[in-house]
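Mapping of the sequence shown onto full-length UniProt numbering: position 185 corresponds to residue 185, and the numbering continues sequentially without gaps. Every residue, glycine too, gets a C-beta built ideally from N, C-alpha and C.
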Amino acid sequence: MASFFNPGFGRKHPNQYADRLPPGQYETHDFPVLTAGPTPRIPIESWTFSLTGLVDTPVTWTWDQFQALPQQEFTVDIHCVTKWSKFDTRWHGISVETLLEHIIIKPEARYVMAYSHGGYTTNLPLDDLRQGKAFIGMGVDGEPLAAEHGGPARLVVPKLYFWKSAKWIQGLRFMAHDQPGFWEQAGYSMYGNPWTEQRYRSDD
Numbered sequence: 001m002a003s004f005f006n007p008g009f010g011r012k013h014p015n016q017y018a019d020r021l022p023p024g025q026y027e028t029h030d031f032p033v034l035t036a037g038p039t040p041r042i043p044i045e046s047w048t049f050s051l052t053g054l055v056d057t058p059v060t061w062t063w064d065q066f067q068a069l070p071q072q073e074f075t076v077d078i079h080c081v082t083k084w085s086k087f088d089t090r091w092h093g094i095s096v097e098t099l100l101e102h103i104i105i106k107p108e109a110r111y112v113m114a115y116s117h118g119g120y121t122t123n124l125p126l127d128d129l130r131q132g133k134a135f136i137g138m139g140v141d142g143e144p145l146a147a148e149h150g151g152p153a154r155l156v157v158p159k160l161y162f163w164k165s166a167k168w169i170q171g172l173r174f175m176a177h178d179q180p181g182f183w184e185q186a187g188y189s190m191y192g193n194p195w196t197e198q199r200y201r202s203d204d
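If you want it as structure tokens, here you go:
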């Protein structure tokens, strides 16, 4: 597996610790498991990932095809809406930017709906997935990603609350207009910025 520098991610110097914890958060060394429903168990042989919606030609990968794409290592902080933050989590996976090289996105596309095996969805601005800002994680701390944490693969968008990092990712659908996903329909923020504590729609 090739490793190379990704401009969207980087370790921060330890003396900047205070700047790494968003308001209202506390540090944890654990990796809590929080799930809206049952944990789906997805056989590798039936797993797929697709890019659809406002693209010239949709594309779908099987697990083996996905594994053949260039992979990277990422070290990022993650922040859950339930107020825990975990620093320097170590992942390997594929940058969303790498995936976007395989499609032509139509000019009117501004938003993305991430959708998952099991039915989960969450919305994101397209700009927050580009330029090395997000990746599909398939392993963490040197181990394959466990199903409880979204394995075999999950979206990871470190700059936003972790509910935006959809577990059991199945694809990204490109859209012209923003639409609420699962938790957004239940009243959570349409954006989810931990640095401004955008937990609920009233915080937007």
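Alpha carbon of Gly8 to alpha carbon of Ile169, nearest angstrom: Numbered from 1 along the sequence shown, position 8 holds the residue referred to as residue 8. Numbered from 1 along the sequence shown, position 169 holds the residue referred to as residue 169. For Gly8, the pLDDT reaches just 44, beneath the cut-off of 50, and the residue's location in the model is therefore unreliable, leaving the point undetermined.
Cβ pair count under 8 Å reaching 3, the segment 176-194 against the segment 147-164: yes
DSSP-derived helix/strand/coil call for Glu184: In the sequence shown, residue 184 corresponds to position 184, counting from 1. It is helical.
Distance, Ile104 Cα to Thr121 Cα: In the sequence shown, residue 121 corresponds to position 121, counting from 1. In the sequence shown, residue 104 corresponds to position 104, counting from 1. Distance between the alpha carbons of Thr121 and Ile104: 23 Å.
Contact under 8 Å by Cβ, Ile136 with Leu155: Position 136 of the sequence shown, counted from the first residue, corresponds to residue 136. Position 155 of the sequence shown, counted from the first residue, corresponds to residue 155. Yes.
Touching by the beta-carbon criterion (3+ pairs, under 8 Å), the segment 133-149 and the segment 83-91: yes
Counterpart residues of Met175 in DSSP-defined beta bridges: Position 175 of the sequence shown holds residue 175. DSSP, once it has assigned bridges, lists Tyr111 as partnering Met175.
Gln67 - containing alpha helix (DSSP H), residue span: Numbered from its first residue, the sequence shown carries residue 67 at position 67. Run containing Gln67: Trp63 to Gln67, per the alpha helix (DSSP H) assignment.
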